[in-house]
Each structure stands twice: as structure tokens, then as C-alpha cells.
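>
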Amino acid sequence: MRRVAAVHLRRAREWGVFDPAGLDPRALVDRPEPVVVDCVDLSEPAANAVVRVLARGCYDHTLSGDADRLPWLLIDEAHVRFDGVAGPALDRLFTRGRAPGVSVVCATQRPAALPATAVSQADLLVAHALTSEADVSQLAATRPTYLDGEFRARLPDERGVALVVDDTSEVAHTVRVRGRRTPHGGGTPRVSERRR
Numbered sequence: 151m152r153r154v155a156a157v158h159l160r161r162a163r164e165w166g167v168f169d170p171a172g173l174d175p176r177a178l179v180d181r182p183e184p185v186v187v188d189c190v191d192l193s194e195p196a197a198n199a200v201v202r203v204l205a206r207g208c209y210d211h212t213l214s215g216d217a218d219r220l221p222w223l224l225i226d227e228a229h230v231r232f233d234g235v236a237g238p239a240l241d242r243l244f245t246r247g248r249a250p251g252v253s254v255v256c257a258t259q260r261p262a263a264l265p266a267t268a269v270s271q272a273d274l275l276v277a278h279a280l281t282s283e284a285d286v287s288q289l290a291a292t293r294p295t296y297l298d299g300e301f302r303a304r305l306p307d308e309r310g311v312a313l314v315v316d317d318t319s320e321v322a323h324t325v326r327v328r329g330r331r332t333p334h335g336g337g338t339p340r341v342s343e344r345r346r
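Residue numbers (the numbering used here): 151 to 346.
1) Determine the DSSP secondary structure at Ala-228, reduced to helix, strand or coil.
2) For Ala-290 and Ala-303, I'd like the C-alpha separation in whole angstroms.
3) State the CB to CB distance for the pair His-211 and Arg-248, rounded to an integer number of angstroms; the pair is presumed to be in contact (CB under 8 Å).
4) Determine, using beta-carbon pairs with one atom in the stretch 213-226 and one in the stretch 241-259, whether at least three such pairs fall under 8 Å.
5) Please report the distance separating the alpha-carbon of Asp-317 from that of Ser-214.
6) Taking 8 Å as the threshold, find out whether the stretch 231-243 comes into contact with the stretch 194-203 through three or more Cβ pairs.
7) Answer with buried or exposed for Val-179, where buried requires no fewer than 16 other C-beta atoms within 10 angstroms of its C-beta.
8) Could you tell me the alpha carbon to alpha carbon distance between Ala-205 and Arg-340, rounded to whole angstroms?
9) Taking C-alpha atoms, which residue in Pro-261, Asp-216 and Cys-208 lies nearest to Glu-227?
10) Find out if the Cβ-Cβ distance for the pair Val-157, Val-200 is shorter than 9 Å.
11) Give the straight-line distance between the Cα atoms of Thr-281 and Asp-169, rounded to the nearest whole angstrom.
12) In angstroms, rounded to a whole number, what distance separates the CA positions of Gly-207 and Asp-174?
13) Would Ala-277 and Ile-225 qualify as a contact pair, given that the criterion is a beta-carbon distance under 9 Å?
14) Pull the bridge partners of Arg-242 from the DSSP assignment, please.
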């Protein structure tokens, strides 16, 4: 057991994300401006460890009553974080985080890969551009009965349109996001275009 722990600690040291003089998650919660923790260049285990520390830190600090503000944790590609060490800390936020005031936003292109707890505990769901049958079925199975008609029929199929389901007020709305111009025009990069 000791050898296994030593191996895990050595591996964590190699990630380069933990340091005795590093940031305390509580300090991130109490800052007046949003803090972005970019994990894109980290390995999956390292990114999961960072998300676990942040989720646990937000929960513990808010629960202590010392928080100056209520934290929001926004997680992109959230489906990837539930399979690793971040899973239990995120599950705690979904099942017990509401009482102390921790809010979580999960962005994913694969809602079917989210645990049932994450989907069923959601107060607000924004769905757009769902093409996978598994994703549509997952959301349809967890949506409440107050939705008019079938969930599948309510899903928009045009760009810039989303279905917003508000579980608190028990209403669903179709919304259109204002179009915007970007240098890439919203397109997807292609290798063939880079070779020119």
C-alpha cells in the first residue's frame, strides 16, 4: 500500500499543478472577478485532480460560512471529469452543494455520458444541436412531465436556436441567440485549408 501511494504522489508531482505555495481554492472563491483555470494542456488525470480540488474547495469554503460570495464552478467538457477522481467531488456538489450555495454549470457535447445525478439535479437545461440518439434519449428520460409534447419534438434543429428548460419555474422556452461575426466565421478548421 505504501509503494502504491508513493507511485501516485510521484506521478502527481510530475503534473506540475500542485505546489505547497500554490493557490488555495478558497482564495479563488472570494475574488471579485471570475477566475479561469485552463486545464487544456494537462493530462486527463491531472485535469481531474485539479477539478476535484476546486470542487471540494468551493464546497468546503462555502459550507464553512466564511465565503464572501457564492461560488460558481463552470466545467467545459464535463462528461470527461466524472470518470476520474473529480467524480465524487462533483457528485457531492450535485447532491449537497445547493444548500450552502454552490452553483455548477456543466457544458458537454455528450449529455448521455453525464451521470444521472448531474442531469436529474439540473435546475436549468440548455439543449441545442443534439444529433446522437443516446443524448436525446438521456435528456428525454430525465425531463419532467410538464413539458408540452414530446421532448424530441421540442428540440430545435437550426443553428443559433436552443431549448431552455427551467425546472424551478417549470417552463420551457425556445430561444434564439443573436448571431455574431468571428474571424473564422464559425467554421471548423481543416488541414486542407492550412496547407494553402
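Glycine residues also receive a C-beta, built at the ideal position from the N, C-alpha and C atoms.
Since the structure is predicted, the reported quantities are computational estimates derived from the model, not experimental observations.
With the structure as the only source:
1) The sequence position of residue 228 within the sequence shown is 78, counting from 1. Assignment of Ala-228 by DSSP, reduced to helix, strand and coil, places it in the helix class.
2) Translated into positions along the sequence shown, residue 290 becomes position 140. Translated into positions along the sequence shown, residue 303 becomes position 153. Distance between the alpha carbons of Ala-290 and Ala-303: 10 Å.
3) What you label residue 211 is simply residue 61 of the sequence shown in a count that begins at 1. What you label residue 248 is simply residue 98 of the sequence shown in a count that begins at 1. The beta carbons of His-211 and Arg-248 sit about 16 Å from each other, so the pair does not count as a contact at 8 Å.
4) They touch, by the three-pair rule.
5) Mapped onto the sequence shown, residue 317 falls at position 167. Mapped onto the sequence shown, residue 214 falls at position 64. Asp-317 and Ser-214 have their C-alpha atoms roughly 28 Å apart.
6) A contact exists between the stretch 231-243 and the stretch 194-203.
7) Within the sequence shown, numbered from 1, the residue matching residue 179 stands at position 29. With 16 or more other Cβ atoms within 10 Å, it is buried.
8) Locating residue 205 in the sequence shown gives position 55, where the first residue counts as 1. Locating residue 340 in the sequence shown gives position 190, where the first residue counts as 1. The straight-line gap from Cα to Cα measures roughly 36 Å.
9) One-based indexing of the sequence shown puts residue 227 at position 77. Closest option to Glu-227, Cα to Cα, is Pro-261.
10) Start at 1 with the first residue of the sequence shown, and residue 157 comes out as number 7. Start at 1 with the first residue of the sequence shown, and residue 200 comes out as number 50. For Val-157 and Val-200, no; Cβs fall outside 9 Å.
11) Numbered from 1 along the sequence shown, position 131 holds the residue referred to as residue 281. Numbered from 1 along the sequence shown, position 19 holds the residue referred to as residue 169. So the two alpha carbons sit approximately 42 Å from each other.
12) Numbered from its first residue, the sequence shown carries residue 207 at position 57. Numbered from its first residue, the sequence shown carries residue 174 at position 24. Answer to the nearest angstrom: the Cα atoms are 8 Å apart.
13) For the purposes of this step, residue 277 is taken as the residue at position 127 of the sequence shown. For the purposes of this step, residue 225 is taken as the residue at position 75 of the sequence shown. Not in contact: Ala-277 and Ile-225 (Cβ atoms no closer than 9 Å).
14) Counting from 1 along the sequence shown, the entry for residue 242 is found at position 92. Answer is none; Arg-242 lacks a bridge partner.
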